[in-house]
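One structure below.
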Amino acid sequence: METIFDFKPTPQELNDIRFDSFSLCLKFGIETDKELTQEIYKELVSQENAYYDLAVLFEFREDQDKAKEYWKKLPKALQTEGLGYDCANIAI
1 METIFDFKPT
11 PQELNDIRFD
21 SFSLCLKFGI
31 ETDKELTQEI
41 YKELVSQENA
51 YYDLAVLFEF
61 REDQDKAKEY
71 WKKLPKALQT
81 EGLGYDCANI
91 AI
């Protein structure tokens, strides 16, 4: 499985992109009381979730081409939610 760890994120990058157990629960609904290590991460997340995190990492690194590559691997709904479009459109 391809993950952000294949791209050697620094501890500061992991902190900046909110890579921790609490954020894992908020993003993907995956709960764990363990410290989020590379091994635990690979056990818990799907490849789709890993693509999301890869897109976020490359957005943070300001590598838009690489980020787009991973956003495109996600379902359309997750692409738009991941890009900040997470509101409901309601006709009135």
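With UniProt numbering as the guide, the letters of the sequence shown map in order to residues 1 to 92.
All C-beta atoms in this analysis are idealised placements derived from N, C-alpha and C, irrespective of residue type, glycine included.
Straight-line Cα distance separating Phe-28 from Ser-46
10 angstroms
Under 8 angstroms Cβ to Cβ from Lys-16, same chain only, skipping five residues before and after it: list those, please.
Residue 16 is actually Asp in this sequence, not Lys. If we look at Asp-16 and ignore the five residues flanking it on each side, its Cβ neighbours are Phe-60.
Counting pairs of Cβ atoms below 8 angstroms between the stretch 50-70 and the stretch 31-38, do you hit three or more?
no
Let me check understanding here. Comparing Cα to Cα, which of Ile-90, Met-1, Glu-48 lies closest to Lys-76?
Glu-48
Between Lys-42 and Thr-3, how many whole angstroms is the CB-CB distance? I'm expecting something under 8 angstroms.
6 angstroms
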